[in-house]
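K.L.:
Using this note's numbering, the letters of the sequence shown map in sequence onto residues 965 to 1457. C-beta: ideal position from N, C-alpha, C; glycine also. The model shown is predicted, which means the values in this text are computed figures rather than measured ones.
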Amino acid sequence: MTAYDDLMAFDRETQALAQIAGRLGWDQETVMPRGAVEQRGEEFAALESVLHARRVDPRLGEWLDAIDDTTLDTVGQAQMRHIRRSYARNTKVPARLAAELAKVTSMAQGIWAEARAKGDFAHFAPTFEEVVRLRREEAAALAEGTEMDLWDALHQDYEPGSSGAELDAMFGALRPRLVALRDKILGADQPKGVSGTFDEAKQLALSEEVARTFGYDFSQGRIDKAVHPFSSGSGQDVRITTRTNESDPFNCLYSTIHEVGHACYEQGIDDAYLLTPLGAGVSMGVHESQSRIYENQLGRSRAFTGYLYGRMRDTFGDLGIDSEEAFFAAVNRVTPGYIRTESDEVQYNLHVLLRFDLERDIIAGRLEIADLPEAWDARFEADFGVKVDTIANGCLQDVHWPVGLFGYFPTYSLGNVYAGCLHQAMRGALPDLDADLAKGETGAATGWLRENLQRHGGLRTPRETIEHACGFAPSEVPLLDYLEEKFGAIYGF
Ligand code: ZN
């Protein structure tokens, strides 16, 4: 056995244990008995301490020193890139700081929920300051010996190789055209929404059918209900969750398609990479590109909604909508709102851009926590044209910052930008795409994604993954062109 073989065997066991931890998390959100919370907490903590010990095991350092990456093939070199990065990251953060962060962020979640319910920012502010202080300390440890600033250092956990400066240039070009588009849309006549009550069992059955249509493999996956939709797992066991709302059938349907996009990415990765660092989605941004292209560019397209209109009428009867065209408009309605997770394709990125700018200021120390509500509200009014009414609809709406997730938000918009690029490349390669989608056939589209992107897993860096699939360098222009054309057609300008 060479040092490389020893390292890969050791890492494989760590990967397997991490999959088990993920499945415990799935279980907790879906079928775990409520009375098991305390014991589950202890089970999690035990598994986490085993995982942590393996991730900083001194033998890893010895193997890494002994391996000359240049003697390995492309796949081996890619595996090493992932393992070296993780090891450097895990050994840079002192155990004391990691433990303190885990403790404070888990406590912070409860206090944030109380503050949000009471509409009282001051109730959360001291804890929030503590979370930020610890994350900045962690960022400083991670940034040591690199060129990165603090925010960039945190961002690497979600989007390796990406930087705040690069995103700033991309988002700076997105923002004015999105604001202008939102203005035009909200000044136009609103299309009608669907009406009726939509039986829960029928919604779930239709969602399952649509998941199959989009290529989700139920022999290595399953759908369950949960409060928040998510996908979980890699390789041969990739599960998703969904939720229903009796008055809004699109919630279940489109959150299912979104998670199917994430799950198909994981299911599509080459079997040869199973339980290795290459055997999972390469970054949050690339992951989100898959969920969003399934959900939006394919699932909310004029062609596919034409097919869906028929299936919805077969399932639910009258929808209060009398044509495919009107149904397409109903699916894509843009309405004012404060909440990111309820937002449409046009306004969604404005929500993310706001968070990106504010969190960079917070982490850089340019914005005090006490001044956050005011800064949030001013920016919201500038981009959305409405005043924030309550703090629960303002800066306390998302759980990300309270649990210390800084550097994460922009991956949502990066995913949308990447989806725009992939969609443009896909249309170039598949001239019959709309004719297929109109018949509910997604095989050519999902096959294109699998062949050009999904199967490669973590072989390339995130940005190279997109560039390899598209044949051009990623840019915000395809997404903007797509949005202006689509919503111009719906809203008549
Ligand atoms: Zn997602």
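Hey, Thr1429 and Leu1447 are a contact pair by Cβ (cut 8 Å); roughly how many whole angstroms apart?
P.N.:
One-based indexing of the sequence shown puts residue 1429 at position 465. One-based indexing of the sequence shown puts residue 1447 at position 483. Not quite, the Cβ-Cβ distance comes to about 23 Å (not below 8 Å), so this is no contact.
K.L.:
CB-CB under 6 Å to Val1298, same chain, minus the five flanking residues each way: which ones, in chain order?
P.N.:
Counting from one through the sequence shown, the residue named residue 1298 turns up at place 334. The answer, listed in chain order, is Ile1149, Asp1308, Val1310.
K.L.:
Please output, in chain order, the residues near the ligand ZN using a CB cut-off of less than 6 Å to any non-hydrogen atom of the ligand.
P.N.:
Here the residues come out as His1222, His1226, Glu1252, Ser1255.
K.L.:
Taking all protein chains shown into account, do 16 or more other C-beta atoms lie within 10 angstroms of the C-beta of Gln1254, making it buried, or fewer, making it exposed?
P.N.:
Within the sequence shown, residue 1254 is the residue found at index 290, counting from 1. Classification for Gln1254: buried.
K.L.:
Looking only at its own chain, which residues have a Cβ that is under 6 Å from the Cβ of Ile1031, when we skip the five neighbours before and after it?
P.N.:
Within the sequence shown, the letter at position 67 stands for residue 1031. Result list for Ile1031: Ala967, Tyr968, in chain order.
K.L.:
Bridge partners for Asp1188 per DSSP, in chain order?
P.N.:
If you number the sequence shown from 1, residue 1188 lands on position 224. For Asp1188, which the question treats as bridged, DSSP gives the partners Thr1205.
K.L.:
Determine, using beta carbons only, whether Ala1244 and Tyr1180 come nearer to each other than 7 Å.
P.N.:
By 1-based counting over the sequence shown, the position of residue 1244 is 280. By 1-based counting over the sequence shown, the position of residue 1180 is 216. No; because the gap between Cβ atoms is not below 7 Å, this pair is not in contact.
K.L.:
State the DSSP-derived secondary structure class of Ser1377, mapped to helix, strand or coil.
P.N.:
Along the sequence shown, read from residue 1 onward, the residue named residue 1377 stands at position 413. In this structure, Ser1377 counts as helix in the three-state DSSP scheme.
K.L.:
Are Phe1162 and Glu1223 closer than 7 Å when you measure CB to CB?
P.N.:
Sequence index remark: in the sequence shown, residue 1162 carries index 198 (1-based). Sequence index remark: in the sequence shown, residue 1223 carries index 259 (1-based). Their beta carbons are not under 7 Å apart, which means Phe1162 does not touch Glu1223 by this criterion.
K.L.:
Across which residues does DSSP place Ser1219 in a beta bridge pair?
P.N.:
The residue given as residue 1219 occupies position 255 in the sequence shown. Answer is none; Ser1219 lacks a bridge partner.
K.L.:
Hey, quick one: how far does the alpha helix (DSSP H) through Asn1313 stretch, first residue to last?
P.N.:
As a first step, residue 1313 is located in the sequence shown; it is residue number 349 there, counting from the start. Its alpha helix (DSSP H) spans residues 1309-1328.
K.L.:
Within 10 angstroms of its Cβ, does Phe1436 collect 16 or more other Cβ (buried), or is it exposed?
P.N.:
Numbered from its first residue, the sequence shown carries residue 1436 at position 472. When all chains shown are included, Phe1436 counts as exposed.
K.L.:
Please report how far the alpha carbon of Arg1461 lies from the alpha carbon of Gly1407, in whole angstroms.
P.N.:
The structure shown does not extend to residue 1461, since the chain is modelled only from 965 through 1457, so no value can be given for it.
K.L.:
For Phe1088, tell me which candidate among Phe1214, Glu977, Leu1318, Ala1356 has the shortest Cα-Cα distance.
P.N.:
Numbered from 1 along the sequence shown, position 124 holds the residue referred to as residue 1088. Comparing Cα positions, the closest option is Ala1356.
K.L.:
Would you kindly work out how many angstroms separate the C-alpha atoms of Thr1240 and Arg1019, rounded to a whole number?
P.N.:
Sequence index remark: in the sequence shown, residue 1240 carries index 276 (1-based). Sequence index remark: in the sequence shown, residue 1019 carries index 55 (1-based). The straight-line gap from Cα to Cα measures roughly 14 Å.
K.L.:
By the three-class DSSP mapping on this structure, what secondary structure does Ser1050 have?
P.N.:
By one-based count along the sequence shown, residue 1050 stands at place 86. In the structure shown, Ser1050 sits in a helix (DSSP, three-state: H, G or I).
K.L.:
Under 7 Å, do Leu1443 and Gly1404 count as touching if we go by C-beta distance?
P.N.:
Position 479 of the sequence shown, counted from the start, is the residue given in the question as residue 1443. Position 440 of the sequence shown, counted from the start, is the residue given in the question as residue 1404. Not closer than 7 Å, so no.
K.L.:
In whole angstroms, what separates the C-alpha of Ser1196 from that of Thr1205?
P.N.:
As a first step, residue 1196 is located in the sequence shown; it is residue number 232 there, counting from the start. As a first step, residue 1205 is located in the sequence shown; it is residue number 241 there, counting from the start. Their backbone Cα atoms lie some 9 Å apart in a straight line.
K.L.:
Curious, which full-length alpha helix (DSSP H) runs of at least 4 residues does the stretch 1149-1188 contain?
P.N.:
For the stretch 1149-1188, whole alpha helix (DSSP H) runs of length 4 or above, ordered along the chain, are 1164-1177.
K.L.:
Counting C-beta neighbours from all protein chains within 10 Å, is the total for His1192 16 or more, i.e. buried, or is it exposed?
P.N.:
Here residue 1192 refers to the residue found at position 228 when the sequence shown is read from its first residue. Per the 10 Å Cβ criterion, exposed.
K.L.:
Less than 7 Å between the beta carbons of Leu1142 and Leu1318, yes or no?
P.N.:
Residue numbering aside, residue 1142 sits at position 178 when the sequence shown is read from its first letter. Residue numbering aside, residue 1318 sits at position 354 when the sequence shown is read from its first letter. No, the Cβ-Cβ distance between Leu1142 and Leu1318 is not below 7 Å.
K.L.:
Mapping the DSSP letters down to three states, classify Ser1196 as helix, strand or coil.
P.N.:
In the sequence shown, counting from the first residue as 1, residue 1196 sits at position 232. Here Ser1196 sits in strand by DSSP.
K.L.:
Please report the straight-line C-alpha distance between Ile1075 and Ile1333, rounded to a whole angstrom.
P.N.:
Your numbering for residue 1075 matches position 111 in the sequence shown. Your numbering for residue 1333 matches position 369 in the sequence shown. Near 15 Å, if we compare the C-alpha coordinates of Ile1333 and Ile1075.
K.L.:
By how many angstroms is the C-alpha of Phe1320 removed from the C-alpha of Gln1120?
P.N.:
Position 156 of the sequence shown holds residue 1120. Position 356 of the sequence shown holds residue 1320. Rounded to the nearest angstrom, the two C-alpha atoms are 14 Å apart.
K.L.:
Using a Cβ distance threshold of 8 Å, determine whether the stretch 1064-1081 contacts the stretch 1268-1278, with at least three qualifying pairs required.
P.N.:
Verdict: no, contact absent.
K.L.:
Distance cutoff 7 Å, beta carbons only. Does Val1158 sit that close to anything in chain D?
P.N.:
Annotation note: the requested chain D is absent from the structure, which comprises a single protein chain.
K.L.:
Do Gly1128 and Asp1116 have their beta-carbon atoms positioned less than 7 Å apart in this structure?
P.N.:
As a position in the sequence shown, residue 1116 is number 152, starting the count at 1. As a position in the sequence shown, residue 1128 is number 164, starting the count at 1. Yes, they are a contact pair.
K.L.:
Using only alpha-carbon positions, find the residue among Arg1004, Tyr1258, Pro1022, Ala1399 that is nearest to Gly1270.
P.N.:
Position 306 of the sequence shown, counted from the first residue, corresponds to residue 1270. It is Ala1399.
K.L.:
Starting from Met996 and walking both ways along the alpha helix (DSSP H), at which residues does that stretch end?
P.N.:
For the purposes of this step, residue 996 is identified with residue 32 of the sequence shown, where counting begins at 1. Here Met996 belongs to no alpha helix (DSSP H), and DSSP marks it neither H nor E.
K.L.:
Of the residues Asn1296, Asp1153, Leu1061, Ala1103, which one's Cα is nearest the Cα of Asn1260?
P.N.:
Residue numbering aside, residue 1260 sits at position 296 when the sequence shown is read from its first letter. The shortest C-alpha separation from Asn1260 is found at Asn1296.
K.L.:
To the nearest angstrom, how far is the alpha carbon of Leu1336 from that of Arg987?
P.N.:
In the sequence shown, the residue the question calls residue 1336 occupies position 372. In the sequence shown, the residue the question calls residue 987 occupies position 23. Spanning the two alpha carbons is a distance of roughly 36 Å.
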